[in-house]
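Using this note's numbering, the first residue of the sequence shown is number 359, and each one after it goes up by one.
For every residue, glycine included, the Cβ atom is placed at its ideal position computed from N, Cα and C.
Here the structure is a predicted model, which means the values were calculated and not measured.
Some notes on the structure that comes next.
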Amino acid sequence: MTPPLGPGLGELIGLGLTAGLLVALGVGGGYWIGQMTGAGVAITFVGLGVGVAIALVAMYVRIRRYL
Numbered sequence: 359m360t361p362p363l364g365p366g367l368g369e370l371i372g373l374g375l376t377a378g379l380l381v382a383l384g385v386g387g388g389y390w391i392g393q394m395t396g397a398g399v400a401i402t403f404v405g406l407g408v409g410v411a412i413a414l415v416a417m418y419v420r421i422r423r424y425l
């Protein structure tokens, strides 16, 4: 039997959920830190950037076998 040519539907759904959760955690963490420190919305954007960066790394790790 030949290996699959690409990720299946379940893996794609998992990738989307993982990316969404990591970005949401980054934004939520940035918002929380911003509220605790009084830094405001700037830290929320830093959290967004961190969440997106971590999501990109996680997605790469999961799909690199298909590249």
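Flag this pair as yes or no: are the beta carbons of residue i and residue j separated by less than 8 Å?
| i | j | result |
| --- | --- | --- |
| residue 370 | residue 420 | no |
| residue 378 | residue 424 | no |
| residue 392 | residue 399 | yes |
Exposed or buried, residue i, counting other C-beta atoms within 10 Å across all chains shown (16 or more means buried)?
| i | result |
| --- | --- |
| residue 413 | buried |
| residue 381 | buried |
| residue 402 | buried |
| residue 396 | exposed |
| residue 368 | exposed |
When DSSP labels each residue in this structure, what does residue i get in the three-state scheme?
| i | result |
| --- | --- |
| residue 392 | helix |
| residue 364 | coil |
| residue 425 | coil |
| residue 398 | coil |
Stretch-stretch touch, CB-based, cutoff 8 Å, three pairs: the segment 375-386 with the segment 409-416
yes
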